[in-house]
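Input: a single structure, listed below in structure tokens.
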Amino acid sequence: GTRVVDQDTGEQIGDLTHKGQKLLVAKGGWHGLGNTRFKSSTNRAPRQKSDGTPGEIRNLKLELLLLADVGLLGLPNAGKSTLIRSVSAATPKVADYPFTTLVPNLGVVRLDTQRSFVIADIPGIIEGAAEGAGLGTQFLKHLERCRILLHVIDILPIDGTDPLENAKVIISELEQHNAKLAGKPRWVVFNKLDLVLEEEAKEITDAILAGLDWKGQVHSISAFNRTGTKELSQKVMTFIEELPPEEEEVIDGKTVEFKWDTYHEDTIAAHEADDDLDDEDWNEDDYDVEVEYRQ
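Here it is in structure tokens:
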């Protein structure tokens, strides 16, 4: 989809989400009135006119928003790209260093011929992303179209950071970006379980869930080994199928009062009320009379 924003005021004018959809972004000027519009019983051949008015001028910013059912979010190197490779035919770059993903990637997860959904992988989010840090809001906005978010948490970060604090950073950034994004259905997905023993993994995940006071759905996977990814895909598909159809978002916009709204009505009224506006050399006897001058 495409979001249309007034670049000067920041006003969100509307969203284009369907093929062939139209959106009025500015009004053109009103045409001027010719002399026949001022014709009256006392002014049979008027020579008055009114000028046209200029149209509205806007500087527009068009923002492309990816249309996906599922959005992956997490810190850099959490394994999001590996996950999308394991469940779809998408082939994003995967490496053992942060910020491997620099652009959003889309993949189609196809469970059978009749059941599929689109999943989006965006570059990793870091603290301060809502204010533009890292790749910031440039890619956070792509999650706004998703029906569900999968929060991918690396249970054994390569940089030795605390996975609980890392998870809190992501949640904080969502809330700061906007309330709509923070309020979307969100599941926690623990990744890289193949790097630790089962008992240790349970201790880590339980501690994270307790620290987050998490009451939502939780899934544990190894995207690298594809352990648990099929089950996760099936549950996501079922969840999406059970969701009610999305209502089209309506942008609350104020009615713009253009200066030509009553311009012509006022002009005509002024001409009708003011006899001085008639032609000074008007003679009713000359109406429809063609005068020829000959030597």
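Taking my numbering, the leading residue of the sequence shown gets 997, the next gets one more, and so forth.
Idealized CB from N, CA, C, for every residue including glycine.
Under a 10 Å Cβ-count criterion, I1154 is classified as exposed, with fewer than 16 other Cβ atoms of the shown protein chains found around its own Cβ. Residue range R1111 to D1117 is occupied by the beta strand (DSSP E) that includes A1116, with no alpha helix (DSSP H) assigned at that position. For V1021, the closest alpha carbon among the candidates T1109, T1049, D1202 and V1000 is that of V1000. Per the coordinates, the alpha-carbon of V1214 lies some 22 Å from the alpha-carbon of V1104. Distance from the CA atom of T1225 to the CA atom of L1071, rounded to whole angstroms, is 19 Å.
Sequence-distant Cβ neighbours of G1212 in its own chain, meaning closer than 7 Å and more than five residues away, are R1182, W1183 and V1184. Bounds of the beta strand (DSSP E) holding T998 are T998 to D1002. Around the CB of T1157, fewer than 16 other CB atoms lie within 10 Å, so the residue is classed as exposed.
When C-alpha distances from K1176 are compared across I1166, L1139 and E1161, the shortest belongs to L1139.
Nearest Cα to I1009 within the set R1081, K1015 and E1059: E1059. About 7 Å separates the beta carbons of A1116 and L1068, which is inside the 8 Å limit, making them a contact pair.
Across the structure, N1073 and H1147 are spaced so that their CA atoms are roughly 13 Å apart. The three-state reading of DSSP puts I1236 in helix, counting H, G and I together. The region 1002-1033 is shown to contain whole beta strand (DSSP E) runs of 3 or more residues at 1008-1012, in chain order. Taking each of D1002, L1063 and S1037 in turn and checking the Cα distance to K1015, the smallest one comes out for L1063. Here R1040 carries a coil assignment [DSSP, helix/strand/coil]. P1119 has its alpha-carbon roughly 41 Å from the corresponding atom of G1024.
A straight line joining the alpha-carbon of S1112 with that of I1200 spans about 32 Å. Excluding the 5 residues flanking it on each side, F1235 has same chain C-beta neighbours closer than 7 Å at I1144, in chain order. Taking a 10 Å sphere around the C-beta of K1057, we find fewer than 16 other C-beta atoms and assign the residue as exposed. The residue among L1107, S1229, G1075 and R1081 with its C-alpha nearest the C-alpha of L1191 is G1075. For the 7 Å CB-CB criterion, A1178 and L1170 form a contact. With respect to the 7 Å criterion, L1102 and M1233 are not classified as neighbours on the basis of their beta carbons. Rounded to the nearest whole angstrom, the C-alpha separation of N1187 and E1227 is 14 Å. Within the region 1160-1211, the runs of alpha helix (DSSP H) that reach at least 4 residues and sit entirely inside it are, in chain order, 1175-1178 and 1194-1208. The bridge partners DSSP lists for G1067 are A1116 and L1145.
Looking from the CA of A1163, the closest CA among G1207, A1086, L1136 and G1006 belongs to G1207.
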